[in-house]
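These notes are about the structure you will find just below.
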Amino acid sequence: MNNYRYHDLVQRFALALYILGGKYTYDFVRLNLICALPCPTTITSLIKQSNLKLNEAEFRFNFLQEHFISKNIKYSFASEDSTAIVKKIVYDTATNSFVGFCTPLNNGIPIPHYFRTESFDQLKEWFDSIQKAGFLNLHMIQPISESIANLSPSILSAYGIDNKFTLYDIARKWVYIFNECSSRHIRIVGYATDCDSRYLSAMRTISGFFSSMPSMKLHEGPEAFRIYPSANWNWFFLRPQQLLLFLQDGVHLATKWRNRILSTTAQLTIGGFRIKMEHLQDLLTSPEEKLEHNLVQTDLNPKDKQNFLSCKKISSKNVLELLKKKKETYATYVYLQLLQYIIAAYIETDTSIEDRLYYSWVIVFVCRMWRISLKYNTSIKRLILSEESSERNKKKHQYFITTQAYHSAELNSHNLLFLIMLVKQHDLPKEALNTFLFSSQPCESTFRNARALSGIYRSAVNFTTLDFLHRCDKLSILNEIKYSQGWNENDQIIQFPVHHRKKKINRDISSNSNDINTINIENIILAAFDHAKQLISNLDISTLLIKYDAFELNGLSSKTRASIRLNVNSNDYFLNDFDSLLNSECEYESDSEDELIETNEINDVLLVNDEDQDVIITPGPDELKTTRLTFEGLRIFDKINPILKNSYFRVQINGKVKYIHKQTCCWMLTDKTSRLSADRLSRIIKASKED
């Protein structure tokens with residue numbers, strides 16, 4: 001054993017190499033560059049000693065506070081998303097708890113370390129009665145900062161779920177996160193999610209967007225934002241006081257838009273024109289047009305519901321030009337033009353804030369006119385009435401985009417305008433206009449990065465809940481190494497390759513800070529409405545809209561407001577609990593406790609003296625019976641090191657007291673091995689079936 005000492009820079013480089021390349025790559029470099037790097041044991045010790053450790057269902061509010069203070073950051077945007085995971089129960093020695101069950105909720109807040117026990121029978125009961133988590137829920141915080149070096153999002157919490165929760169659980173959880181951050185002088189501006197219907201309902205309810213709870217008065221608190229819209233803005237439906245702003249993820253909104261046109265059940269219709277996938281299919285089968293549109297058959301695969309690249313290709317300028325030429329494909333052109341506007345407004349990094357506002361409201365106005373025209377379309381009315389009464393509601397929704405997509409478009413445009421007005425009022429810094437950062441994509445990126453840490457000699461890219469937590473520890477360390485050094489080039493920093501997209505984002509962030517005071521919001525909205533009327537002018541609905549006083553802005557706004565007004569009946573028990581939650585603290589600690597002693601494989605076989613037996617004896621040992629007399633290969637012992645007592649159950653096997661490791665118990669109680677495809681498309685299809 002050597003006693004070499006390594007410079008802090010070398011240790012950070014070694015950590016980065018170990019995390020990025022894996023153990024085999026690290027050993028290969030170290031063995032060929034003798035004494036250049038610390039031994040792997042030192043690296044694993046550095047990882048364990050890091051204060052960036054993530055435990056299931058714990059919210060790292062204190063870590064977030066320290067991080068924001070060090071970076072002088074006050075504002076942030078939260079995001080939440082989930083991904084499919086391998087269903088497996090694993091014993092976590094660091095917390096002395098079992099990880100992999102569906103995390104129970106207390107008023108919507110996940111309970112950390114719930115599955116702790118010193119009884120084998122209790123564990124067996126959990127295996128028999130508690131569902132294994134098939135999904136992992138992740139919370140992340142995106143800082144709002146003028147410094148590019150401070151823009152790396154931070155992981156707040158992660159835990160296993162079964163994807164069965166209500167909008168009430170979501171609302172309580174968001175308020176809890178807001179209150180905890182606010183108490184630490186961190187202002188959560190808003191939340192971004194993936195267009196899930198429950199998240200959308202929670203957003204609409206909290207913001208009072210055609211969905212309300214009489215007892216929910218979040219917007220009346222002193223921390224709420226307030227804007228002062230003009231009295232003649234009858235097209236603006238959002239309440240002028242909001243505690244939080246909400247944005248649906250642009251990528252998910254775009255894919256929902258694409259999936260609707262590829263759906264086999266939808267019959268999208270504007271006026272007398274159909275929006276059909278066959279119009280795109282015709283382009284594919286036309287030899288003379290193939291070089292112009294650059295489409296391939298997989299772009300029209302309806303099963304790949306998260307193919308964002310396909311969204312960009314089917315709404316490209318060349319495809320739109322080809323569709324615009326023919327009258328029968330003009331409705332499809334308008335539909336895909338709106339898809340292009342979604343991408344420009346919420347995803348592209350180089351779009352100016354004026355154009356974001358303009359595109360977002362063009363989408364809304366076209367959808368409003370389309371929606372109102374369907375209401376008065378006599379041909380469609382006859383088709384709906386010809387159906388059985390039980391099928392009429394389903395038939396009515398086939399001619400329009402999904403309710404989730406429409407409400408997401410409305411919410412995004414309103415909250416974008418609200419955000420711009422807050423910056424104009426100097427209630428938020430101008431960096432809050434970098435809205436392309438406010439999405440659930442930080443969660444998606446973390447999922448991808450965690451899968452990429454599998455290693456070159458390991459074919460399994462998926463993870464269990466505990467696997468993900470351990471990989472997040474490494475990702476947090478890697479991000480800390482990257483962003484703690486800043487972006488100045490000198491001899492004392494580690495150079496990381498920067499993807500060309502990342503370079504583009506950095507340029508766009510620095511160039512997207514136009515003088516907000518010069519923006520005339522009302523003129524932009526009026527221009528967007530004029531463009532929307534121009535887009536639908538060739539779709540034979542203008543006359544119908546004029547007839548029913550819905551062709552001009554005021555009439556259209558009144559009709560739309562009346563048609564989407566909803567009455568939401570809420571349970572009083574929730575309302576009372578919700579109000580009390582605003583001023584209460586969660587009974588569970590948010591940050592991790594002192595780590596328990598981790599199991600050492602060498603110490604598993606150490607014996608204790610007879611006088612130490614009282615240290616490890618627990619009352620009522622569990623009974624196990626087997627015909628096996630010896631237990632080679634299993635961590636079952638007659639005596640153990642008392643330091644490791646928390647990692648073992650004391651049981652009776654064939655009438656004799658034995659100590660069995662808790663992970664061995666997990667193996668014994670697992671009846672079948674869960675599998676999850678390494679292919680992204682297969683995972684998506686499986687998850688959608690289970691949801």
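Reading the sequence shown from the start, the letters are residues 1 to 691 in the UniProt record's numbering.
Glycine included, C-beta positions come from ideal geometry on N, C-alpha and C.
Same chain, Cβ closer than 8 Å to residue i, five either side skipped, listed in chain order
| i | result |
| --- | --- |
| HIS414 | PHE209, PHE236, PHE237, LEU238 |
| LEU295 | LEU280, LEU283, LEU284, LYS313, ILE314, VAL319 |
| ASP473 | ILE47, SER50, LEU52, LYS53, LEU54 |
6 Å CB neighbourhood of residue i in its chain, flanking five on each side removed
| i | result |
| --- | --- |
| PHE77 | GLN142, VAL189, GLY190, PHE438 |
| residue 701 | Within the shown structure, residues of the chain are numbered from 1 to 691, placing residue 701 beyond reach of any answer. |
| GLY108 | ASP169, ARG172, LYS173 |
| PHE13 | ILE494 |
| ILE660 | ILE636, PHE649, VAL651 |
Nearest residue (CA-CA) to residue i, options the options
| i | options | result |
| --- | --- | --- |
| LEU138 | ILE521, GLU56, THR673, PHE115 | GLU56 |
| ALA171 | ILE144, SER212, ARG187, ASN377 | SER212 |
| THR673 | LYS88, PRO40, LEU385, LEU15 | LYS88 |
| SER182 | GLN65, SER45, CYS472 | GLN65 |
| SER201 | ARG184, ALA231, ASN232, PHE165 | PHE165 |
| ILE177 | TRP233, ASN62, ALA345 | ASN62 |
| ILE420 | GLU522, MET369, ASN393, ARG204 | GLU522 |
| ASP304 | ILE343, ARG258, ILE481, THR349 | ARG258 |
| PHE668 | PRO40, LYS71, LEU54, ASP128 | Note that residue 668 is Met in the sequence shown, not Phe. For MET668, the nearest C-alpha among the options comes from ASP128. |
| residue 695 | GLN340, ALA158, PHE101, ILE19 | For the chain, the structure presents residues 1 to 691; residue 695 sits outside this window and is missing. |
| SER454 | CYS311, TYR6, TYR228, GLY21 | GLY21 |
| LYS71 | PHE400, SER154, ALA550 | SER154 |
| ASN232 | ARG448, GLU58, LEU526 | LEU526 |
| LEU411 | TYR346, GLU480, THR41 | TYR346 |
| ASN479 | ALA450, GLU125, GLN492, ALA460 | ALA450 |
| ILE519 | THR83, LEU385, GLY271, ILE353 | ILE353 |
| TYR399 | ILE384, GLU125, PHE308 | ILE384 |
| LYS74 | TRP126, HIS185, SER476, HIS470 | HIS185 |
| LEU105 | GLY160, VAL657, ASN96 | GLY160 |
| LEU417 | TRP370, HIS397, SER459, ASP355 | ASP355 |
Whether residue i touches residue j by CB criterion (7 Å)
| i | j | result |
| --- | --- | --- |
| ALA266 | ARG274 | no |
| LEU676 | ASN462 | yes |
| ASP162 | GLN122 | no |
| ASN144 | ALA432 | Checking the sequence shown, residue 144 turns out to be Ile, not Asn. Yes. |
| HIS293 | THR329 | no |
| LEU466 | VAL10 | no |
| THR664 | LEU644 | no |
| LEU136 | PHE468 | yes |
| GLN404 | SER263 | no |
| ILE227 | TYR358 | no |
| LEU245 | ALA224 | no |
| THR103 | PRO110 | yes |
| TYR6 | TYR18 | no |
| VAL364 | LEU535 | no |
| PHE529 | LEU544 | no |
| LEU247 | ARG368 | no |
| ALA331 | LEU539 | yes |
| VAL362 | HIS113 | no |
| PRO442 | MET203 | no |
| PHE101 | PHE115 | yes |
For residue i, the residue or residues it bridges with in DSSP
| i | result |
| --- | --- |
| TYR26 | Answer is none; TYR26 lacks a bridge partner. |
| MET140 | SER79, ILE155 |
| TYR191 | ALA78, PHE246 |
| VAL267 | With the sequence shown as reference, residue 267 is identified as Gln, and Val is not the correct amino acid for it. Looking at the DSSP assignment, GLN267 forms no beta bridge with any residue, so it has no partner. |
| PRO110 | LEU105 |
| GLY134 | None; GLY134 has no bridge partner. |
| residue 753 | The chain is shown only over 1 to 691; residue 753 falls outside these bounds and no answer can be derived. |
| LEU624 | ILE653 |
| ILE161 | PHE135 |
Close-in-space but distant-in-sequence residues of the same chain around residue i (CB under 7 Å, 5 per side omitted)
| i | result |
| --- | --- |
| VAL423 | LYS430, ALA432, LEU433, ILE516 |
| ALA16 | LEU478, ILE481, ILE494 |
| GLY271 | SER373, LEU539, ASP540, ILE541 |
| ASP572 | With a pLDDT of 36 at ASP572, under the threshold of 50, the modelled position of that residue is not reliable, and the figure given next carries that caveat. Answer for ASP572: no residue qualifies. |
| HIS67 | SER154 |
| PHE447 | THR83 |
Every unbroken beta strand (DSSP E) inside the region 57–106 [3 residues or more]
75–84, 90–92, 97–99
Start-end ranges of the alpha helix (DSSP H) lying completely within the region 516–553, minimum 4 residues:
521–536, 542–547
Give, in chain order, every unbroken run of the alpha helix (DSSP H) that is at least 4 residues long and sits entirely within the region 275–315.
277–285, 290–293, 308–314
Any alpha helix (DSSP H) of 4 or more consecutive residues that is wholly inside the region 636–678:
662–669
Can you list, in chain order, the stretches of the alpha helix (DSSP H) that have 4 or more residues and sit fully within the region 338–410?
353–376, 378–385, 392–396
Within the region 402–462, ranges of the alpha helix (DSSP H) (whole runs, at least 4 residues):
403–424, 441–452
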